[in-house]
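Below you'll find the structure, written out as structure tokens, and then a few comments.
Chains as they are written, first to last, in this note's numbering: chain A, 24 to 143; chain B, 24 to 143.
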């Protein structure tokens, strides 16, 4: 029984002042106003409104326009719309390969210089 | 000469109080702590250190691993490293097609649901 209760021999001393680690809580608070990267499968002009809404909310959208490669007219219109959107929010828009357009919200820019390792 | 100097006939009146538009300056201040999207052309393990540095600095990295499609061993290792990196910073990592890996820093998550228009 003595063993189960244990620690009885130790004199009680009040715990020292300990600073609370608030970082856990901060992460939770941040979580609520989180930024998202969202991928959009663009089949025509119908997805533009939702992309616009996402970017205005501060999210990054990667627009997959590969399905429009045979519809240059619609593609041109979408590229124009997304450039206008990036202008409106002072964000950015850049092609990623030939299939994707990255659209960023206010405060996020796209670096035109690729990260490349030193070739030996 | 009268013409060159001009406006002499207009009575001088002190300019009215005009509120300064500080938005321009605010943009500059924001610019200093800006988040970037950076594309990395991954040819092997040598680019991982720079990707890690970028993500630790709060930037989003889109790693183009298309050059590694015939080197499954290196690709597996890089995917493992990037997942570990995302874990370390509580960011996120998701495939974008078969060529790109999106790696995000603390506070930025990748939505697994694509934005899709309603098909008619």
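Here a beta-carbon is modelled for each residue, glycine too, at the ideal position from N, C-alpha and C.
Taking C-beta atoms as the reference points, residue 84 of chain A and residue 63 of chain A count as a pair closer than 7 angstroms.
Take the alpha-carbon of residue 120 of chain A and the one of residue 89 of chain A: they are about 10 angstroms apart. The Cβ of residue 126 of chain A sits no closer than 7 angstroms to any Cβ of chain B. Scanning chain B for C-beta atoms nearer than 8 angstroms to the C-beta of residue 58 of chain A yields 130, 131 and 132, reported in chain order. In terms of Cβ geometry, residue 77 of chain B and residue 61 of chain B form a close pair [threshold 7 angstroms]. Between residue 70 of chain A and chain B, the shortest Cβ-Cβ separation is below 7 angstroms. DSSP places residue 97 of chain A inside the alpha helix (DSSP H), whose first and last residues are 95-112. Bounds of any beta strand (DSSP E) do not take in residue 73 of chain A; it lies within the alpha helix (DSSP H) bounded by 71-79.
With respect to chain A, the C-beta atom of residue 66 of chain B has a partner C-beta closer than 7 angstroms. Contact between residue 115 of chain B and residue 103 of chain B fails: their C-beta atoms lie close to 15 angstroms from each other, not under 8 angstroms. Judged by beta-carbon spacing, residue 126 of chain A lies within the 7 angstroms limit of residue 105 of chain A, meaning their Cβ atoms are closer than that value. With 16 or more neighbouring CB atoms inside 10 Å of its own CB, residue 70 of chain A falls in the buried class. Residue 117 of chain A is not a Cβ neighbour of residue 129 of chain A, given a cutoff of 7 angstroms. Remark: C-beta atoms of residue 73 of chain A and residue 138 of chain B approach each other more closely than 7 angstroms. Close CB contacts of residue 82 of chain A within its chain, under the 8 angstroms cut and outside five residues either way in sequence, are with 58, 59, 60, 61 and 128 (chain order).
Residues of chain B whose Cβ lies closer than 7 angstroms to the Cβ of residue 140 of chain A are, in chain order, 66, 67, 69 and 70. For residue 75 of chain B, the closest C-alpha among the options B/123, B/107 and B/100 is that of B/107.
Linking residue 122 of chain B to residue 80 of chain A through their CA atoms gives a straight-line distance of about 28 angstroms. For residue 62 of chain A, at least one C-beta of chain B is nearer than 7 angstroms to its own C-beta. At the C-beta level, residue 67 of chain B and residue 66 of chain A stay beyond 7 angstroms of one another. One finds 62, 63 and 64 in chain A with Cβ atoms closer than 7 angstroms to the Cβ of residue 137 of chain B, taken in chain order.
For residue 73 of chain B, the closest Cβ of chain A is nearer than 7 angstroms. Boundaries of the beta strand (DSSP E) around residue 61 of chain B: 58-64. DSSP lists A/125 as the beta-bridge partner residues of residue 117 of chain A.
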